[in-house]
Amino acid sequence: MTAGRWHLLADLARLTTRGDRWRAVAVTVMALAIAASAATIGLSQRWLVDSTVHGQATMVLAAVVLGVLAHTMTAACGRIESNLRLYLIERFGILLNGEIVAWSARLPTLDHLDDPRFLDRSSLLRHSTWFLAAGLSAITEVGIAACGLLLSLWLLAGVHPALGLLAVLAVPPFLANRAGLRRVRDARERAEGTSRLEQRLHELVIRPEPAKEALVAGAERMLSERAAQLWRGAWRAEARANGLAGVWQLLGWAVYLSGLVAALAVVSRLVAQGTASVGDAVLVLSLGTQLLAQVNVAIQAAHQVALAGHVTEYYRSLRERARRPHPGRQPAPAALRHGITLRDVSFGYRGQEGVLRRLDVHLPAGSTVAVVGLNGAGKSTLVKLLSGMYQPRAGSIEIDGVPLHQLDPASWRARLSAAFQDAVRFQVRVDEAVRIGDLHQLDPAAVPAAVDRAGATEIVEQLPEGYRTQLGTMFGGVDLSGGQWQRLAMARACMRPDPLLLLLDEPTAAMDPAAEHLLFERFARIAADAARSCGTITLLVTHRYSTVRDADLVIVLDRGRIIEQGRHEELLARGGRYAELYRLQAKGYR
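The sequence shown begins at 1 in UniProt numbering and counts up by one.
Written out as structure tokens, the structure is:
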């Protein structure tokens, strides 16, 4: 294990003893007592046999008392040590899961969520917290087992120096276990992507949103069977690896047991020659058996340490990635004076190029900008770039002349408000679902004010407990219609009264045109007030062209490119793509 891994394991060890240092110390002390008791039992047995042979009644009684004390110590400490160790492992697993989520949440962009390798490793890390916790605990076990082994070997060497060679015979089981471990670990890593897919497929039939479509399509059984098939495939691969590992371990232990039989033969010969006592033979038999258990404990502990060492690489990678300083240090401006400028901006997701191509456009401060285009034109991607969720692959986005990547991400996002088409349905109380839009806003009147600005007051008033109504059926709450969920999402977007950028990415897709029109009139008034106070830019992404007539700037995207931009009247007069789509939609409404 490299020095870097040991350093990281030391950090994680401090995590597992956080608030439970005395329990961790108690576990170590008891494990040492158990290791010492193993040698004491062997000594008491030799003492008992030799005292019996020589007719020393007092010594026999002393040997019996020593053996009873050693056995009692082993039994009592073993039970308490085992319970405390499991407690520390479980507690560490909870703490480590919290650490993993915290490090993941600190990543400033969403690129990592498009990387299958990162997702596989993160999933494996979350599923391996028990292995990591057990590995950290096993580091202590390895040290204690080594002390017990040395003590046992010292006592054996006292009978005959050749018996110390039993230590060498512990090497084959160790190497065999290591070879088997490598196969199991590789099989588990290869199966992680399959396991993630299996979990997602099962979620399609057990979560209410996707399950309704699966049931209508009659695909629920097929999805469930496909998920089960994936699980069986992953399980078989790991079972085969475990089977091969078992064969290797069996061969290693066969070598060790052969050596133990040879050691007993040597002692028997020494007893026959009179150079060793019957008690020595009993000692060798007892310590040989104890040595077998100690070697097994050491190997299992080393196995856990090796697993932990491998998993820590993923934890270290995540932690270093989250700790990597973002180049942006400048705070977001208090107000926009000039606006946002995109200069030759291009972007593509992982494995997909040309989602946005060489965008050049200026969004004036205080303006309302509409972005239109067919599905797949790149509208939502543009929203993600402006919010800093992704960085352009080429070109730059400037905020009042300052490149966006030079701004502190948290500072910039604190000046954004957004509502999306696929708004999250937070299954919490109504007031909590709205307050998520700005958790730093402590004014109790802020939530009702945001709900009113979004035109959702009537919805809340109709709920059984008003703002304290639990939302969603998962926890026995009230379910809402799609349009009502979107109204609450709009209320979240209204929690910040003076954002620099208000992003509305088709937030009214679940509403009828009349409700949408009234809501956008309301938002237009809000945007106008914010524009006067801090130069707020309102960016509206929509498929309904009737809502963009009053926009200061209309941007038409097609296959990742800006093909037209201007005011509504200008674009109609040009008779281009915008005019064609507008008239086509207007004809449909008529």
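For each residue, glycine too, the CB sits at the ideal point set by N, CA and C.
Closest by CA to residue i, which one among the options?
i	options	result
V29	M59, G164 and T74	T74
L518	A456, E398, T58 and V460	A456
G376	E198, S195, E353 and S396	E353
I459	V311, V478 and Q441	V478
A26	V68, S195, N83 and L270	N83
A176	H112, V64 and N242	N242
L264	L557, A322 and V282	V282
G395	R415, R357, G55 and L374	R357
Q470	L223, P499, V434 and I555	V434
A489	R329, I436, A146 and R79	I436
L257	A237, P172, E225 and T194	P172
P327	A105, I526, S122 and P409	P409
G483	A446, C494, R425 and R468	R425
S44	M222, D280, R468 and H127	D280
I526	A493, T547, V554 and L557	A493
G401	W412, G339, S411 and E313	G339
G351	W248, L201 and D114	D114
V297	W231, R85, R240 and A146	A146
V556	A105, R221 and L374	L374
R200	E220, L181, A446 and V271	E220
Tell whether a beta-carbon distance below 8 Å holds between residue i and residue j.
i	j	result
I537	L504	no
P392	L382	no
V284	L156	yes
L540	V369	yes
L423	P507	Residue 423 is actually Ala in this sequence, not Leu. Yes, the Cβ-Cβ distance between A423 and P507 is below 8 Å.
A491	A454	yes
T365	L342	For the record, residue 365 in the displayed sequence is Ala; it is not Thr. Cβ atoms of A365 and L342: not closer than 8 Å.
T109	M389	yes
L407	Q330	yes
Y578	E564	yes
I41	S286	yes
V267	V159	yes
L230	E198	yes
V311	S128	yes
Between which two residues does the beta strand (DSSP E) harbouring residue i extend?
i	result
I340	G339 to F347
T538	I537 to V541
R358	L356 to P364
L557	L553 to D558
G252	First-last for G252: E220 to Q273, but that is the alpha helix (DSSP H), not the beta strand (DSSP E).
residue 658	Past the boundaries of the shown model lies residue 658; the chain is included only from 1 to 590, so the question cannot be answered.
L416	L416 to F420
A370	T368 to V372
Starting from residue i, trace the alpha helix (DSSP H) in both directions and tell me its first and last residue.
i	result
R561	First-last for R561: R561 to G566, but that is the beta strand (DSSP E), not the alpha helix (DSSP H).
S122	P116 to H127
L504	Looking at the DSSP string, L504 is not in any alpha helix (DSSP H); the run it does join, the beta strand (DSSP E), is L501 to D505.
T381	K379 to L386
D431	V430 to R435
residue 670	Given that the chain is displayed from residue 1 to residue 590, the structure contains no residue 670 and the question cannot be resolved.
G576	G576 -> no alpha helix (DSSP H), and no H or E assigned at all.
S481	That residue, S481, is in no alpha helix (DSSP H); it is neither H nor E in DSSP.
P448	A446 to R453
A410	P409 to R413
V460	T457 to E461
Would you grab the beta carbon distance between residue i and residue j for me? Rounded to a whole angstrom, and I think it's under 8 Å.
i	j	result
V184	A245	5 Å
G252	L166	Incorrect: roughly 14 Å between the Cβ atoms, too far for contact.
residue 591	V372	Because the chain spans 1 through 590 in this model, residue 591 falls outside it and cannot be assessed.
S387	A418	7 Å
A237	A187	5 Å
A162	T194	So it is not a contact: roughly 51 Å between Cβ atoms.
L119	R190	Not a contact, Cβ separation roughly 15 Å.
L95	Y314	That belief does not hold up - the Cβ atoms of L95 and Y314 are roughly 17 Å apart, past 8 Å.
Taking 8 Å as the threshold (beta carbon to beta carbon), is residue i in contact with chain C?
i	result
V25	Here chain C cannot be found, since the structure has a single protein chain.
ask   = Taking one C-beta from the segment 148-157 and one from the segment 192-207 each time, how about it: are there three or more such pairs within less than 8 Å?
value = no
inquiry  = Tell me whether the segment 436-449 and the segment 359-373 touch, counting them as touching only if at least three CB pairs, one residue from each stretch, are closer than 8 Å.
reply    = no
Stretch-stretch touch, CB-based, cutoff 8 Å, three pairs: the segment 311-322 with the segment 341-349 = no
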